[in-house]
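Peer 1: Once you know that position 254 of the sequence shown is 272 in our numbering, the rest is easy, because the numbers rise by one and skip nothing. This is the structure, below, for whatever I ask next.
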Amino acid sequence: MSRVLLLGALCLACGAQDFSDTELARLAAGYRFTEGAAWSKDNFLIFSDTPSDRLLKWVPGSRAEVFREDAHGPSGNAFDALGRLYTCETRLRRVTRTEKNGKIETLADRWEGKRLNAPAGIVVSKTGHVYFTDPAFGYQQDHRELDFYGVYHIPPKGQMEVLAKPTGRPHGIALSPNGRTLYVSNADEHNIRAYDLDRNGEASGERVLVSGIEGVPGGLAVDGDGNLFVAANGVFVYDAQGHPMHRFGLPDPASSCALGEGDLKSLFVTARGFVYRLRLETK
Numbered sequence: 019m020s021r022v023l024l025l026g027a028l029c030l031a032c033g034a035q036d037f038s039d040t041e042l043a044r045l046a047a048g049y050r051f052t053e054g055a056a057w058s059k060d061n062f063l064i065f066s067d068t069p070s071d072r073l074l075k076w077v078p079g080s081r082a083e084v085f086r087e088d089a090h091g092p093s094g095n096a097f098d099a100l101g102r103l104y105t106c107e108t109r110l111r112r113v114t115r116t117e118k119n120g121k122i123e124t125l126a127d128r129w130e131g132k133r134l135n136a137p138a139g140i141v142v143s144k145t146g147h148v149y150f151t152d153p154a155f156g157y158q159q160d161h162r163e164l165d166f167y168g169v170y171h172i173p174p175k176g177q178m179e180v181l182a183k184p185t186g187r188p189h190g191i192a193l194s195p196n197g198r199t200l201y202v203s204n205a206d207e208h209n210i211r212a213y214d215l216d217r218n219g220e221a222s223g224e225r226v227l228v229s230g231i232e233g234v235p236g237g238l239a240v241d242g243d244g245n246l247f248v249a250a251n252g253v254f255v256y257d258a259q260g261h262p263m264h265r266f267g268l269p270d271p272a273s274s275c276a277l278g279e280g281d282l283k284s285l286f287v288t289a290r291g292f293v294y295r296l297r298l299e300t301k
């Protein structure tokens, strides 16, 4: 693990948390394109090296190792309250769940008989509601069967539903600490949309929470204070009302971010061929 100075850290607005003088540690390097950072309650980080078709695992104090080969173009990852892993597989255009015993189950691969575009971002609520985005990038555009980009909801019981059909491509996705607000980044519109969720996990009140994000907004994370972290040209931090708080500059554009470690005060960031860690004040 190497440590480097945090580049371009910029305070955009006053906030309760002090992000100044944060140190950036490089945890892993040498990959083709990393994304899909997700922290497990079992004390390890999972991330994707999509072009190399691998899922990687990092345990504190150790070097990253291969978690799964032939992972079908993994993109976004998430864990549920039971510690099960959910993965967006872009090559097979599906969402899977890996049980604790290693068994892999397909949760979604079609909508009304047509194959999904290429699921990208995923999040699971404490009560087991699954939300994922389904954009299409690069060659995936040429193989689409659906005529829209979607944000989907898989309830613990019942059928999958479409929550939204944005005009641009939805990418990252996250939940507020109380699980009542869903955040979705849009790669084409450079914004973050927010949705109110009811007890059944259904969405309403769609609105643009943040606009004009520098770079392509990808993965999202939310801390215990409700602050929103956005992976783009660096990592941008906004409060729950969408007001800018800070920007963490990085040597490369960021693709995803996740909060973790034992005290939940580490922010893990994937960026090109690297994985970084920043230490924060709040969990």
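C-beta: ideal position from N, C-alpha, C; glycine also.
Is it buried or exposed, residue 187, if we count other Cβ atoms within 10 angstroms and call 16 or more buried?
Peer 2: Here residue 187 corresponds to residue number 169 of the sequence shown, with the count starting at 1. By the 10 Å Cβ count, residue 187 comes out buried.
Peer 1: Quick one: Cα of residue 160 to Cα of residue 154, how far?
Peer 2: By 1-based counting over the sequence shown, the position of residue 160 is 142. By 1-based counting over the sequence shown, the position of residue 154 is 136. Near 9 Å, if we compare the C-alpha coordinates of residue 154 and residue 160.
Peer 1: What span of residues does the beta strand (DSSP E) with residue 52 cover, start to end?
Peer 2: Residue mapping note: residue 52 aligns to position 34 of the sequence shown, counting from 1. Start and end: 52-58.
Peer 1: What first and last residue would you give for the beta strand (DSSP E) that runs through residue 213?
Peer 2: Here the question's residue 213 lines up with position 195 in the sequence shown. Note, residue 213: beta strand (DSSP E), 209-215.
Peer 1: Can you look up residue 157 in the DSSP assignment and give me helix, strand or coil?
Peer 2: Here residue 157 refers to the residue found at position 139 when the sequence shown is read from its first residue. In this structure, residue 157 counts as helix in the three-state DSSP scheme.
Peer 1: What is the residue span of the beta strand (DSSP E) that residue 232 lies within?
Peer 2: Start at 1 with the first residue of the sequence shown, and residue 232 comes out as number 214. Residue 232 -> no beta strand (DSSP E), and no H or E assigned at all.
Peer 1: Could you compute how far the alpha carbon of residue 80 sits from the alpha carbon of residue 290?
Peer 2: Looking up residue 80 in the sequence shown gives position 62. Looking up residue 290 in the sequence shown gives position 272. The alpha-carbon atoms of residue 80 and residue 290 are separated by roughly 21 Å.
Peer 1: Quick one: which unbroken beta strand (DSSP E) runs of 3-plus residues sit fully inside the stretch 92-170? Chain order, please.
Peer 2: Runs of the beta strand (DSSP E) inside the stretch 92-170: 92-97, 103-107, 112-116, 122-126, 140-142 and 148-152.
Peer 1: Could you give the first and the last residue of the continuous beta strand (DSSP E) run that contains residue 283?
Peer 2: In the sequence shown, the residue the question calls residue 283 occupies position 265. Note, residue 283: premise wrong, no beta strand (DSSP E); not H, not E.
Peer 1: Could you tell me which of 243, 193 and 241 sits nearest to residue 145, measuring between CA atoms?
Peer 2: Against the sequence shown, residue 145 aligns to sequence position 127. Minimum Cα distance to residue 145 is reached at 193.
Peer 1: Using the Cα positions of residue 54 and residue 287, report the straight-line distance between them to the nearest angstrom.
Peer 2: Counted from its first residue, the sequence shown places residue 54 at position 36. Counted from its first residue, the sequence shown places residue 287 at position 269. If I take the Cα positions, the gap works out to 9 Å.
Peer 1: With the cut-off set at 8 Å, would you say residue 273 and residue 236 are in Cβ contact?
Peer 2: Within the sequence shown, residue 273 is the residue found at index 255, counting from 1. Within the sequence shown, residue 236 is the residue found at index 218, counting from 1. For residue 273 and residue 236, yes; Cβs fall inside 8 Å.
Peer 1: Can you round the beta-carbon distance between residue 89 and residue 292 to whole angstroms, since I take them to be within the 8 Å contact cut?
Peer 2: Here residue 89 refers to the residue found at position 71 of the sequence shown. Here residue 292 refers to the residue found at position 274 of the sequence shown. Rounded, the Cβ-Cβ distance is 19 Å, inconsistent with contact.
Peer 1: Measure from the alpha carbon of residue 129 to the alpha carbon of each residue in 167, 215, 223 and 83, then state which is nearest.
Peer 2: Counting from one through the sequence shown, the residue named residue 129 turns up at place 111. The shortest C-alpha separation from residue 129 is found at 167.
Peer 1: Between the stretch 172-188 and the stretch 206-221, do at least 3 Cβ pairs fall closer than 8 Å?
Peer 2: At 8 Å Cβ cutoff, the stretches touch.
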